[in-house]
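Student: Protein chains in written order, with this note's numbering: chain A, 1 to 251; chain B, 252 to 491. Even for Gly, the Cβ is constructed at its ideal location relative to N, Cα and C. Take this structure, written in structure tokens, and hold onto it; I'll ask about it next.
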Amino acid sequence: MNPADNQIYIIIFSTLFLGGLMSTFIVAMVFIHRQRQAQSRQKMDQMRAEFEKTIRNIENEIHQETLTQVGRELHDNIGQLLSLAKLSLNSSKPEKQTEGREYLNQIIKEVRALSKTLNLDWVESVSLDDFIRQQLEKLQSTGFCETALKSDGAFLKLSKDQKLVLIRVIQECLNNAIKHAQPGRIDIRIAKNNEARRIEIRDDGVGFDPSQASQGSGMSNLTKRMETIGGKFNLTSKLGKATHITLELPF
Amino acid sequence: MVAFDISLLLGTYFFIKLPKEKKANSTYWLPFLILGHFVLYQNFGAYTNYNFEFKKAVNAYLGNTENPKFNLWLFNITERQILTVLYLFLIKSWLDPFRKKYINWMISTFVILTLILQISGIELMYSEQPIIFAIGANMILIACGLYFIRLITNEKYLESNPLRLLSFWTTTFLLFNYSLTYIYSVSLLYLYKENPTLGKSLSQIGQGMDIINVAVLVLLICSPFLTKLFDREPLYESSR
């Protein structure tokens, strides 16, 4: 065969080969893209399902907490008032009768207030600042410890899911402080800077060593919950010293 | 040639119709620049074929007295050098900042090597430039590869349908253009000496790919008016 003919055939073959190679490459890229798109969608669906599950769990926990509170209020407060009202109304003295009617009015007020808390829609109507204020006032009124709240209104604008998660996390932090820290004072500070908004919860209790693995999954649970709304949970503490918790949420 | 001129008219019309902020976006003015450059040098090439004296004078100035009929000097500067750099800029506009720096390095390297090869006389401006073409073509192919890697790894690209992205089609046709014309371009003079018929046939592949590339450039310019056919580029906001 003529060497020039060989080279011509090589040129033709090389051109066809390169064309075939590029076609295969393009088809492979589109195929890989479709595959990864499906994987990415599956991952997003999983994350969405997990997020919804977390929110449902939080709603259930808030409901449980509310029912426990209502049960306690019914037993400790309203139950006692009903007994006093019964005693007063059974008496023949007119001043006791008047006292009994006053007790009944008080009972009606307390029952109405309790029935409002049974409806979870209070989360939508109350601001985070008001919720924290109510919790701290309740705590302080029992004489357990001193409390203080300082806020610049950084968390006034929140979606319902973000508010639910933050309410639950703050409730847990306060419950943990009450259960384990024996604080004399709990301070909560709400502030924002250019990058993010923060809630700082400080107590002057006994502290603990965070590096010691605990049997419960409390802290990792709180961290995960903050992450579902794009936030961060940070805790610093030392044995014998104060505990400082920071909840951070970007804008 | 007429097809190229019509495409430039269409491209100019749609570019003028674009709103001001879109005109300032490289997603639209870069394809328009490439289209204008391509059509103008094609017309200039036709002119040099018409005005033989002018072509002869330029060849003589560059030192080519053997083949005064050639206008390879125009083809080398405008298509193999400037157009390669413009296409690299176009592909760069679709990449993330991390990969953009690779394109910057490629452009700088290509320009420096081209100047060195031409000034040193290794590749004459009026003759075939297989080395410069090969370097440029390889860089275009690597840049296309970077785009496709982005297509299968970036979250925003994974959410979109690539068949509805003009960047996908442009990169695909560029890939085909430079790979199908690779062998023909590096063996241009050999083919015309040994087998001009085959040379002419293979050159038609290049001409066909040129028409497709020009059509895609026009589509890139008028993409805001074709929202039913094509989606907005996933990285549109970051290319402002």
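Would you call the CB atoms of residue 325 of chain B and residue 292 of chain B closer than 8 Å?
Tutor: Counted from its first residue, the second sequence places residue 325 of chain B at position 74. Counted from its first residue, the second sequence places residue 292 of chain B at position 41. A contact, by the Cβ cut-off of 8 Å.
Student: Can you list the residues of chain B that residue 15 of chain A reaches, using a CB-CB cut of under 9 Å?
Tutor: On the first sequence, residue 15 of chain A is found 15 positions in, with the first residue counted as 1. Neighbours of residue 15 of chain A on chain B, chain order: 430, 431, 432, 433, 434, 435, 453, 456.
Student: Counting C-beta neighbours from all protein chains within 10 Å, is the total for residue 54 of chain A 16 or more, i.e. buried, or is it exposed?
Tutor: Stepping through the first sequence from its first residue, residue 54 of chain A is reached at position 54. Residue 54 of chain A should be labelled buried.
Student: Any idea if residue 57 of chain A is buried or exposed, counting beta-carbon neighbours within 10 angstroms, 16 or more meaning buried?
Tutor: On the first sequence, position 57 is the one that residue 57 of chain A refers to. With fewer than 16 Cβ atoms within 10 Å of its Cβ, residue 57 of chain A is classed as exposed.
Student: Under 8 Å, do residue 164 of chain A and residue 50 of chain A count as touching if we go by C-beta distance?
Tutor: Against the first sequence, residue 164 of chain A aligns to sequence position 164. Against the first sequence, residue 50 of chain A aligns to sequence position 50. No; because the gap between Cβ atoms is not below 8 Å, this pair is not in contact.
Student: Can you check whether the C-beta of residue 8 of chain A is within less than 8 Å of a C-beta belonging to chain B?
Tutor: On the first sequence, position 8 is the one that residue 8 of chain A refers to. Judged by the 8 Å Cβ criterion, residue 8 of chain A is in contact with chain B.
Student: May I ask you to report which of helix, strand or coil DSSP gives residue 239 of chain A?
Tutor: Residue mapping note: residue 239 of chain A aligns to position 239 of the first sequence, counting from 1. Looking at residue 239 of chain A - three-state DSSP - the assignment turns out to be coil, as it is neither helix nor strand.
Student: What does the Cβ neighbour count give for residue 345 of chain B, buried or exposed, with the cut at 16 atoms within 10 Å?
Tutor: Locating residue 345 of chain B in the second sequence gives position 94, where the first residue counts as 1. By the neighbour-count rule (16 or more Cβ atoms within 10 Å), residue 345 of chain B is buried.
Student: Looking at the C-beta of residue 116 of chain A, does it have a partner C-beta in chain B at a distance below 8 Å?
Tutor: The count along the first sequence starts at 1 and reaches residue 116 of chain A at position 116. Answer no: the Cβ-Cβ gap between residue 116 of chain A and chain B never drops below 8 Å.
Student: Can you tell which of B:434, B:450, B:457 has its C-alpha closest to the C-alpha of residue 14 of chain A?
Tutor: Here residue 14 of chain A refers to the residue found at position 14 of the first sequence. Distance from the Cα of residue 14 of chain A is smallest, within the candidate group B:434, B:450, B:457, for B:434.
Student: Chain A partners of residue 426 of chain B, CB-CB under 8 Å?
Tutor: Taking the first residue of the second sequence as 1, we reach residue 426 of chain B at position 175. Within chain A, the residues near residue 426 of chain B are 22, 25, 26.
Student: Helix or strand or just coil, what does DSSP make of residue 250 of chain A?
Tutor: For the purposes of this step, residue 250 of chain A is taken as the residue at position 250 of the first sequence. The answer is strand: DSSP assigns residue 250 of chain A an E or B state.
Student: Please list, in chain order, all residues of the same chain as residue 222 of chain A whose beta carbon is under 8 Å from its beta carbon, the five residues on each side excluded.
Tutor: In the first sequence, counting from the first residue as 1, residue 222 of chain A sits at position 222. These residues qualify, in order along the chain: 169, 172, 173, 233.
Student: Specify, as a first and last residue, the run of the alpha helix (DSSP H) that residue 168 of chain A falls within.
Tutor: On the first sequence, position 168 is the one that residue 168 of chain A refers to. That run of the alpha helix (DSSP H) goes 160-176.
Student: My assumption, with CB atoms under 8 Å, is that residue 207 of chain A sits in contact with residue 240 of chain A. Please give the rounded CB distance.
Tutor: In the first sequence, counting from the first residue as 1, residue 207 of chain A sits at position 207. In the first sequence, counting from the first residue as 1, residue 240 of chain A sits at position 240. Rounded, the Cβ-Cβ distance is 6 Å, consistent with contact.
Student: With H, G and I counted as helix, E and B as strand and the rest as coil, what does DSSP make of residue 373 of chain B?
Tutor: For this step, residue 373 of chain B is matched to residue 122 along the second sequence. It is coil, neither helix nor strand.
Student: What are the boundary residues of the alpha helix (DSSP H) that residue 88 of chain A is part of?
Tutor: Position 88 of the first sequence, counted from the start, is the residue given in the question as residue 88 of chain A. Taken as a continuous stretch (DSSP letters only), the alpha helix (DSSP H) holding residue 88 of chain A covers 79-90.
Student: Residue 195 of chain A to residue 248 of chain A, Cα distance in whole Å?
Tutor: Counted from its first residue, the first sequence places residue 195 of chain A at position 195. Counted from its first residue, the first sequence places residue 248 of chain A at position 248. Between residue 195 of chain A and residue 248 of chain A, the C-alpha separation is close to 10 Å.
Student: Give me the Cβ distance between residue 462 of chain B and residue 254 of chain B, rounded to the nearest whole Å; I'm assuming they're in contact under 8 Å.
Tutor: Here residue 462 of chain B is taken as the residue at index 211 of the second sequence, counted from 1. Here residue 254 of chain B is taken as the residue at index 3 of the second sequence, counted from 1. Indeed they touch by this definition, with Cβ atoms about 6 Å apart.
Student: Run through chain B and tell me which residues come within less than 8 Å of residue 126 of chain A, C-beta to C-beta.
Tutor: Translated into positions along the first sequence, residue 126 of chain A becomes position 126. Within chain B, no residue comes near residue 126 of chain A; the closest Cβ sits about 36 Å away, beyond 8 Å.
Student: For residue 467 of chain B, is the classification buried or exposed, using 16 other Cβ atoms within 10 angstroms of its Cβ as the cut-off for buried?
Tutor: Counting from 1 along the second sequence, the entry for residue 467 of chain B is found at position 216. Its Cβ being crowded by 16 or more others within 10 Å, residue 467 of chain B is buried.
Student: Where DSSP assigns a beta bridge to residue 151 of chain A, which residues make up the other side?
Tutor: For the purposes of this step, residue 151 of chain A is identified with residue 151 of the first sequence, where counting begins at 1. A:190.
Student: Mind pulling the chain B residues with CB within less than 8 Å of residue 37 of chain A?
Tutor: On the first sequence, position 37 is the one that residue 37 of chain A refers to. Within chain B, the residues 409, 410 have their CB atoms less than 8 Å from the CB of residue 37 of chain A, given in chain order.
Student: Taking 8 Å as the CB-CB cut-off, is residue 423 of chain B touching chain A?
Tutor: Taking the first residue of the second sequence as 1, we reach residue 423 of chain B at position 172. So yes, residue 423 of chain B belongs to the interface.
Student: Using a Cβ-Cβ cutoff of less than 6 Å, which residues in the same chain neighbour residue 419 of chain B once the five nearest sequence positions on both sides are dropped?
Tutor: Start at 1 with the first residue of the second sequence, and residue 419 of chain B comes out as number 168. Apart from sequence neighbours up to five positions away, the residues of its chain that approach residue 419 of chain B with a beta-carbon distance below 6 Å are 413, ordered along the chain.
Student: Pairing CB atoms from the segment 257-264 of chain B with CB atoms from the segment 438-457 of chain B, are three or more of them under 8 Å?
Tutor: no
Student: Could you tell me whether the Cβ of residue 18 of chain A comes closer than 8 Å to any Cβ of chain B?
Tutor: Position 18 of the first sequence holds residue 18 of chain A. It does: the Cβ of residue 18 of chain A has a partner Cβ on chain B nearer than 8 Å.
Student: Here's the rule I'm using: 16 or more other beta-carbon atoms within 10 Å means buried, otherwise exposed. How should residue 427 of chain B be labelled?
Tutor: For the purposes of this step, residue 427 of chain B is taken as the residue at position 176 of the second sequence. With 16 or more Cβ atoms within 10 Å of its Cβ, residue 427 of chain B is classed as buried.
Student: Taking DSSP as the reference, what is the three-state secondary structure of residue 234 of chain A?
Tutor: Position 234 of the first sequence, counted from the first residue, corresponds to residue 234 of chain A. Three-state result, residue 234 of chain A: strand.
Student: Along chain A, which residues have their Cβ under 7 Å away from the Cβ of residue 446 of chain B?
Tutor: To locate residue 446 of chain B, count along the second sequence from 1; it is residue 195. Ordered by position in chain A, the residues that pass the 7 Å Cβ test against residue 446 of chain B are 8.
Student: With residue 378 of chain B and residue 323 of chain B assumed to form a contact (beta carbons below 8 Å), what rounded beta-carbon distance in angstroms separates them?
Tutor: As a first step, residue 378 of chain B must be located in the second sequence, where it is residue number 127. As a first step, residue 323 of chain B must be located in the second sequence, where it is residue number 72. So it is a contact: roughly 6 Å between Cβ atoms.
Student: Exposed or buried, which one is residue 236 of chain A when buried takes at least 16 other CB atoms within 10 Å?
Tutor: The residue labelled residue 236 of chain A in the question sits at position 236 within the first sequence. The residue is exposed, with fewer than 16 neighbouring Cβ atoms inside 10 Å.
Student: With DSSP run on the structure shown, which of helix, strand or coil describes residue 275 of chain B?
Tutor: Sequence index remark: in the second sequence, residue 275 of chain B carries index 24 (1-based). Coil, per DSSP.
Student: List, in chain order, every chain B residue whose beta-carbon is nearer than 7 Å to that of residue 29 of chain A.
Tutor: On the first sequence, residue 29 of chain A is found 29 positions in, with the first residue counted as 1. Ordered by position in chain B, the residues that pass the 7 Å Cβ test against residue 29 of chain A are 399, 402, 403.
Student: In chain A, what lies closer than 7 Å to residue 438 of chain B by C-beta?
Tutor: Within the second sequence, numbered from 1, the residue matching residue 438 of chain B stands at position 187. Among the residues of chain A, those whose CB is under 7 Å from the CB of residue 438 of chain B are 11, following chain order.
Student: Excluding the 5 residues preceding and the 5 following residue 185 of chain A in the sequence, name in chain order all residues of the same chain whose CB lies nearer than 8 Å to its CB.
Tutor: Counting from one through the first sequence, the residue named residue 185 of chain A turns up at place 185. The answer, listed in chain order, is 145, 146, 147, 148, 203, 204.
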